[in-house]
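For the sequence shown, position 250 matches number 304 in my numbering, and the numbering has no gaps at all.
Where a beta carbon is used, it is the ideal one built from N, C-alpha and C, also for glycine.
Reading through the structure tokens given below for one structure.
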Amino acid sequence: MDREQRRRHYLEAMGITMWVPRLAPPGPVSAGDPDTPAPADSRQQGVEQSPSASVQGASPLGKAKFAPDVLAPEKASPIAALDWEALEARVRGCTACALHRTRTQTVFGVGNREASWLVIGEAPGEQEDLRGEPFVGRAGQLLNEMLRAVGLSRESVYIANILKCRPPQNRDPQPDEAAACEAFLQRQLALIRPCIILAVGRVAAQNLLKTDTPIGKLRGSVHRYTGIPLVVTYHPAYLLRSPLEKRKAWDDLRLALRTFRESQP
Ligand code: URA
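In structure tokens:
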């Protein structure tokens, strides 16, 4: 399968039909073209580096370093000093809000702890609450396809949620619940030091950006969260209900990919 065929394959898996100009010349596509996702199987740090994007003088992790301002001492909570193991244990035992009474288990997050891409969703649903892993239901399958459309595997990124516990009946997180969980996510962010954040869905975007601006207005531009570029896209559960919006999600993913590539030294 060549690169173009692979791209079509991923887009089809996302449910996006490609219209190809009938007389389009078959010429090569530039390696730096953000419209051309890298193949998922030859990737380093999540996204294949074309020679022009090779990492020179980068951090040992091979990615640009951002210094999230969550590390600023005046903002630091005790959670801000925890390592991965201690953080995971703290989350597992958390009783800071009422959701601990109804959860089956906490859903900490999953993936590459040195990822360049941090994907942040809303909260665990039923499947996630049972399995202890984010995005494992139907929406999770579509999220995996969305990532693959830009050359990323689920394993290469880190996936977390605004909330670590499932809200009953999958209702929206309440402000006190999001506030109680915020330090956990901020610590994960500080440990991962991603190059880009992909906020999936209104709840993730609005909570991270501390706004009630509708998602339709938040997508399409690059925001910052603790100094890190953040791109907003639709939640895969919404895309399952509104497949015509997948085109816009594809635009968002390309914006994220372009932003990521531009962030590389
Ligand atoms: N929806 C989310 O936002 N997160 C999950 O983990 C699952 C579904």
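DSSP places Arg273 outside any beta strand (DSSP E), giving it a letter other than H or E. Rounded to the nearest angstrom, the Cβ distance from Val257 to Pro227 is 6 angstroms, consistent with a contact under 8 angstroms. Gly281 sits in coil when the DSSP states are folded into three classes, being neither helix nor strand. It is roughly 15 angstroms from the alpha-carbon of Pro132 to the alpha-carbon of Gly147. The alpha carbon of Asn166 has as its nearest neighbour, out of Ser210, Leu245, Pro188, the alpha carbon of Ser210. Excluding sequence positions up to five before and after Tyr288, its CB lies within less than 6 angstroms of the CB of Glu299, Ala303, all in the same chain and listed in chain order. Contact annotation: Cys151 and Glu66 have beta-carbon atoms that are not nearer than 7 angstroms. In this structure, Met68 lies near Ala203, with their beta-carbon atoms less than 7 angstroms apart. In this structure, Pro188 and Gly163 form a Cβ contact; the two beta carbons are roughly 6 angstroms apart against a cut-off of 8 angstroms. Judged by beta-carbon spacing, Val145 lies beyond the 7 angstroms limit of Lys264, meaning their Cβ atoms are not closer than that value. If you look at Gly175, you'll find it in the beta strand (DSSP E) that goes 171-175. Just so you know, the alpha carbons of Glu142 and Leu311 end up roughly 29 angstroms apart.
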